[in-house]
Structure formats: C-alpha cells, structure tokens
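Reading through the structure tokens given below for one structure.
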Amino acid sequence: MQGLFDFILTRVTPDRLIGDKAYGSDALDDQLAAEGTYLFVPHRRNRKPEHVTQDGRSQRRYKRR
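Numbering follows this note's numbering, in which position 3 of the sequence shown is assigned residue number 9; successive positions increment by one, without gaps.
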C-alpha cells in the first residue's frame with residue numbers, strides 16, 4: 007500500500023480509503039490510522055469477533071460506492 011502512495015504526485019493523504027477483502031489486515035489498518043487515514047475493508051467471513059473494527063455505517067458506505 008505504501009508503494010501506491012509513493013506514486014501519487016500530491017502530498018495529500020486521503021481521509022478514507024476503501025478496499026476489498028484482500029486489504030483486511032490489522033497491520034495495514036494500524037499503519038494507515040497512524041497517518042490519519044481511515045481504512046474501510048469489509049471483514050472476511052472467518053474474522054474473529056474480538057478483532058472486528060468496522061461498524062454498520064461503514065459497510066453501507068462500501069455498498070454505495
């Protein structure tokens with residue numbers, strides 16, 4: 007993901023980033039949160055309930071994209 011931001015010509019980071027289930031990792035979520043970007047990725051079916059980080063509002067936003 008960092009490689010994607012390196013190719014962007016502007017220095018502005020997005021407020022929100024929407025990805026598919028392949029981007030669903032805690033490490034990426036923590037890294038982008040440290041940079042001020044909210045990562046929304048729908049959870050995989052086998053995600054443990056204690057690691058759930060999304061709420062219903064974000065899921066509706068993902069469906070409307």
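We treat Cβ as the ideally placed atom computed from N, Cα and C, and that holds for glycine.
CA nearest to the CA of residue i, picked from the options
i	options	result
P20	L45, N52, R70, R50	L45
K69	A33, V47, R51	V47
Cβ neighbours of residue i in the same chain (closer than 6 Å, five flanking residues each side left out)
i	result
R22	Y44
G35	The question names Gly, yet the displayed sequence has Asp at residue 35. The answer, listed in chain order, is L45.
Anticipated Cβ contact below 8 Å, residue i with residue j, distance rounded
i	j	result
G30	H49	6 Å
Close beta carbons around residue i, own chain, < 8 Å, minus the five adjacent residues each side
i	result
A39	L45
E41	T19
DSSP beta-bridge partners of residue i
i	result
R22	Y44
Residues of its chain near residue i, where Cβ-Cβ distance is below 7 Å and the 5 sequence neighbours each way are ignored
i	result
K27	V47, P48, R50
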